[in-house]
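The sequence shown begins at 4 in this note's numbering and counts up one residue at a time. First comes the structure, then the notes that go with it.
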Amino acid sequence: MKDNKKSEKDASAADSSADRVDEYLQTLGNEDAREQRYYSQEQPFSSEEMTRLINEERLNELLAQSDDFLSSLNDEINDFDDEY
């Protein structure tokens, strides 16, 4: 009897997974459904939560680093253009 209940549970889990995969595959061709599915997974944050979650000092450091990197990359591209 235990084996029967276990196999029923396994079968329902497999069906559930298969249903989700089938549903996902059906939305692949439908851009609107795919976009809706994507945005439905987003979590809204209040401004208080964002303030609490974001380390502003670290964010500013990362932005400065990215600006420096992009500037350096731009200089390299310009140098490459000048050479060739």
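Every residue, glycine too, gets a C-beta built ideally from N, C-alpha and C. Here the structure is a predicted model, which is why all the values come from computation and not from measurement.
In three-state DSSP terms, what is Q46?
coil
Measure the alpha-carbon distance for Q46 versus E86 and round it to whole angstroms.
49 Å
Which residues in the same chain as S74 place their Cβ atom closer than 6 Å to its Cβ, once the five residues preceding and following it in sequence are excluded?
none
Tell me the rounded alpha-carbon separation between N77 and R23.
45 Å
C-alpha distance - L56 paired with S49, whole-angstrom precision
11 Å
In angstroms with no decimal places, state the Cα-to-Cα distance between E60 and D25.
45 Å
Give me, in chain order, the residues of the same chain whose beta-carbon lies closer than 8 Å to that of D84; leave out the 5 immediate sequence neighbours on both sides.
none
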